[in-house]
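See structure below.
Protein chains: 2
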Amino acid sequence: MPTIYEVAAAAGVSPATVSRVFNGANVSPEKAEAVRRAAKEMSFTPSRTARTLRLQSSEVIALVIPDIENPFFTALARGVEDVARAAGYSVVLCNTDEDHEKELRYLDIALSATMAGVIIAAAGGNSDLSGLIARKCPVVAVDRSPHGVDVDAVIVDNRAGGRAATQALVEQGFQRIACITGPSDVETATQRADGWRDAVTGNGTTDDRYLRFADFRVDGGATAMSELLALPEPPDAVFVANNLMSVGALRVLSEQGKLPPATGVAVFGDLPFLPLVPIPITVVHMPARHLGTTAAKLLLERISGDDQPARTIVLRNQLTPVG
Amino acid sequence: MPTIYEVAAAAGVSPATVSRVFNGANVSPEKAEAVRRAAKEMSFTPSRTARTLRLQSSEVIALVIPDIENPFFTALARGVEDVARAAGYSVVLCNTDEDHEKELRYLDIALSATMAGVIIAAAGGNSDLSGLIARKCPVVAVDRSPHGVDVDAVIVDNRAGGRAATQALVEQGFQRIACITGPSDVETATQRADGWRDAVTGNGTTDDRYLRFADFRVDGGATAMSELLALPEPPDAVFVANNLMSVGALRVLSEQGKLPPATGVAVFGDLPFLPLVPIPITVVHMPARHLGTTAAKLLLERISGDDQPARTIVLRNQLTPVG
DNA sequence: ATGAAAGCGCTAACAT
DNA sequence: ATGTTAGCGCTTTCAT
Numbered sequence: 001m002p003t004i005y006e007v008a009a010a011a012g013v014s015p016a017t018v019s020r021v022f023n024g025a026n027v028s029p030e031k032a033e034a035v036r037r038a039a040k041e042m043s044f045t046p047s048r049t050a051r052t053l054r055l056q057s058s059e060v061i062a063l064v065i066p067d068i069e070n071p072f073f074t075a076l077a078r079g080v081e082d083v084a085r086a087a088g089y090s091v092v093l094c095n096t097d098e099d100h101e102k103e104l105r106y107l108d109i110a111l112s113a114t115m116a117g118v119i120i121a122a123a124g125g126n127s128d129l130s131g132l133i134a135r136k137c138p139v140v141a142v143d144r145s146p147h148g149v150d151v152d153a154v155i156v157d158n159r160a161g162g163r164a165a166t167q168a169l170v171e172q173g174f175q176r177i178a179c180i181t182g183p184s185d186v187e188t189a190t191q192r193a194d195g196w197r198d199a200v201t202g203n204g205t206t207d208d209r210y211l212r213f214a215d216f217r218v219d220g221g222a223t224a225m226s227e228l229l230a231l232p233e234p235p236d237a238v239f240v241a242n243n244l245m246s247v248g249a250l251r252v253l254s255e256q257g258k259l260p261p262a263t264g265v266a267v268f269g270d271l272p273f274l275p276l277v278p279i280p281i282t283v284v285h286m287p288a289r290h291l292g293t294t295a296a297k298l299l300l301e302r303i304s305g306d307d308q309p310a311r312t313i314v315l316r317n318q319l320t321p322v323g
Numbered sequence: 001m002p003t004i005y006e007v008a009a010a011a012g013v014s015p016a017t018v019s020r021v022f023n024g025a026n027v028s029p030e031k032a033e034a035v036r037r038a039a040k041e042m043s044f045t046p047s048r049t050a051r052t053l054r055l056q057s058s059e060v061i062a063l064v065i066p067d068i069e070n071p072f073f074t075a076l077a078r079g080v081e082d083v084a085r086a087a088g089y090s091v092v093l094c095n096t097d098e099d100h101e102k103e104l105r106y107l108d109i110a111l112s113a114t115m116a117g118v119i120i121a122a123a124g125g126n127s128d129l130s131g132l133i134a135r136k137c138p139v140v141a142v143d144r145s146p147h148g149v150d151v152d153a154v155i156v157d158n159r160a161g162g163r164a165a166t167q168a169l170v171e172q173g174f175q176r177i178a179c180i181t182g183p184s185d186v187e188t189a190t191q192r193a194d195g196w197r198d199a200v201t202g203n204g205t206t207d208d209r210y211l212r213f214a215d216f217r218v219d220g221g222a223t224a225m226s227e228l229l230a231l232p233e234p235p236d237a238v239f240v241a242n243n244l245m246s247v248g249a250l251r252v253l254s255e256q257g258k259l260p261p262a263t264g265v266a267v268f269g270d271l272p273f274l275p276l277v278p279i280p281i282t283v284v285h286m287p288a289r290h291l292g293t294t295a296a297k298l299l300l301e302r303i304s305g306d307d308q309p310a311r312t313i314v315l316r317n318q319l320t321p322v323g
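Line order of the protein sequences matches chains A and B.
Reminder that position 317 of the first sequence reads as 317 in the UniProt record's numbering, one-by-one numbering, no gaps.
Reminder that position 49 of the second sequence reads as 49 in the UniProt record's numbering, one-by-one numbering, no gaps.
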């Protein structure tokens, strides 16, 4: 790897001039040309590492998400990317797999690589953002807002969404509405379950027999659905708190010949790939991409020095019947 | 951000000693302890940037993929991650969106950030890996092997898979078997189409009316399927060359009431989320995760200095009837 | 076992 | 407009 020194020597100028050429500073056309030629000749690429060390900051932002296999998060990632790229930043994705160790490691990297900022959908439980915050590394939380930390957040109203979805089931006349939600240490999971509880209370099914904490993944949804159906008095409807679990739940319902409309189903989040045969399901649409673009915009503001108090932006999620 | 100098001062030792403590070199227990305490006190994190600059290499590897929203690539990513992590490396994902500019940018970053290596599923056309290769940055291609570059590659036999899938359709008695494949500048797309051609030749349908180049995405599959069905003499079966497009194609078939078994369908790649209602489809299983783990292992070997000639590993993809 | 010091490649004063 | 130089934070000889 050639350095600016070698390019400088080849072009007959000083290293500073080479640097200036690559950073758009004032350089006479002839020298600039000479530098560019020499650089091309040697196929010189400026070292980002050295630049980052010198500048104490880079143009890459980290996007930390708990499950890269969930289409919701990949759609969100696309949103982040588009906005970030347009502003000249690159995005690197870090998959934590809902695991705190991995998460911590990535945050550590972001910090010690002096990345420009991080957008994080926190793994379950209390994520430790204190390091980032202490070092004033711009952070914005997305989808899930970490407990007790004062950072920008872009979220949806999980409780209201859960309530609306469940309410739709109530209005459809179902009597025993179950709830399959995510891990109990993930905020969005409990909030959506709270929404469910809001709606079923007074409807006779406050009963926690009908509440299942799963893992936000396909198999977890399937297992929970099986358990519910095995109950002495099985539910006649179910509110599923995320997209992936709904795939599992529907699969089980299908196997047992109890697909909607035989069973009522409402889902928080969009089905990743619509079922081929139209099935009447209630869906709370998640503005995944929009969450991403919004978070990226907030982060960019922070990066450029915006110092106002932390903001929380709540995006609307729309209730739509599907099928 | 405290530096080793400040930690050294606080602990009453030299910077070199601090460095040694953090790198497992020989240091007396007392001093080591003092250093650790001071470091914790100041919540010191060694600068990876400085370390990378000094060492001229880091412990992160870049995984460059063309479509982060495709479950095939995310599964592959999981495979890479698991192997890399176990060896102490972190993986950052770079989404190129099948776009050469983005790809080039990420490769440039990998290089100028002196990453340990890169695993790449190249965007369509000829990816330029020359920079990486010239600088001896370890590279392994996965899923798609870039043209005319001599690098390790982990792939599947696309042509054989396409042939087998189509052959299954032939054996099921279909007469006019169409093919929906990916972009014509993506190797895997043309190879799978070649496999289709192998199988339909002699079956009367070599006719390119039945061949469609789409974009490897859901909508592309849907559009292509619509076009095919609008033909004067529409096909009675279709071989779809990737997972996402099959979702689109099946959707269109469903809308027109022509779902299998009315129409024959064979797919290269696993349906991301199986249809609820069992539908008889032939699937060429893609060992996505395995592609990832294998690529990661090859890369790790190269990183540790393995200098043998480039290898190409062809993984088996298994034909399975589904539904 | 420990310290002093050079240097990884770059940028930004400061000088000219 | 251009060159000189110090220094970003770390690792690693080379001494001791």
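Note that beta-carbon positions come from the ideal geometry of N, C-alpha and C, so glycine has one too.
What does the Cβ neighbour count give for residue i, buried or exposed, with the cut at 16 atoms within 10 Å?
i	result
residue 40 of chain B	exposed
residue 231 of chain B	exposed
residue 191 of chain A	buried
residue 318 of chain A	exposed
residue 5 of chain B	exposed
residue 270 of chain B	buried
residue 257 of chain B	exposed
residue 309 of chain B	exposed
residue 92 of chain A	buried
residue 193 of chain A	buried
residue 220 of chain B	buried
residue 23 of chain B	exposed
residue 202 of chain A	exposed
residue 355 of chain A	Absent from the model: residue 355 of chain A. The displayed extent of chain A is 1 to 323, so no value can be given.
residue 260 of chain A	buried
residue 117 of chain B	buried
residue 292 of chain A	buried
residue 62 of chain A	buried
residue 209 of chain B	exposed
residue 173 of chain B	exposed
Which residues in the same chain have their Cβ closer than 8 Å to the Cβ of residue i, if we skip the five residues on either side of it in sequence?
i	result
residue 212 of chain A	178, 179, 180, 181, 224, 227, 228
residue 195 of chain A	158, 159, 160, 161, 162, 163, 164, 165, 166
Can you tell me which of the three DSSP states residue i falls into?
i	result
residue 62 of chain A	strand
residue 202 of chain B	coil
residue 152 of chain B	strand
residue 125 of chain A	coil
residue 14 of chain A	coil
residue 217 of chain B	coil
residue 133 of chain A	helix
residue 114 of chain B	coil
residue 139 of chain A	strand
residue 170 of chain B	helix
residue 178 of chain A	strand
residue 21 of chain A	helix
residue 119 of chain B	strand
residue 183 of chain A	coil
residue 144 of chain B	coil
residue 321 of chain B	strand
residue 211 of chain B	strand
Along chain B, which residues have their Cβ under 9 Å away from the Cβ of residue i?
i	result
residue 95 of chain A	74, 77, 78, 81, 91, 93
residue 20 of chain A	The contacting residues do not exist; residue 20 of chain A stays about 18 Å from chain B at best.
Check the Cβ of residue i against every Cβ in chain A and list those closer than 9 Å, keeping chain order.
i	result
residue 53 of chain B	47, 49, 50, 52, 53
For a contact defined as C-beta to C-beta under 7 Å, what are the partners of residue i on chain A?
i	result
residue 347 of chain B	It is not possible to answer for residue 347 of chain B, since the shown part of chain B is limited to 1 through 323.
residue 114 of chain B	49
residue 316 of chain B	Per Cβ cutoff of 7 Å: no residues; residue 316 of chain B is ~23 Å from chain A at best.
residue 254 of chain B	276, 277
residue 306 of chain B	Within 7 Å Cβ-Cβ: nothing; residue 306 of chain B doesn't reach chain A, min ~21 Å.
residue 108 of chain B	45
Whose Cβ in chain A lies nearer than 8 Å to the Cβ of residue i?
i	result
residue 131 of chain B	43, 45
residue 69 of chain B	71, 74, 75, 78
Using a Cβ-Cβ cut-off of 6 Å (strictly less than) and excluding sequence neighbours within five positions of residue i, which residues of its own chain qualify?
i	result
residue 156 of chain B	315, 317
residue 311 of chain A	152
Which residues in the same chain have their Cβ closer than 7 Å to the Cβ of residue i, if we skip the five residues on either side of it in sequence?
i	result
residue 199 of chain A	163, 166, 167, 170
Any alpha helix (DSSP H) of 4 or more consecutive residues that is wholly inside the stretch 234-319 of chain B = 243-255, 288-303
ask   = What alpha helix (DSSP H) runs, 4 residues minimum, are completely inside the stretch 74-110 of chain B?
value = none
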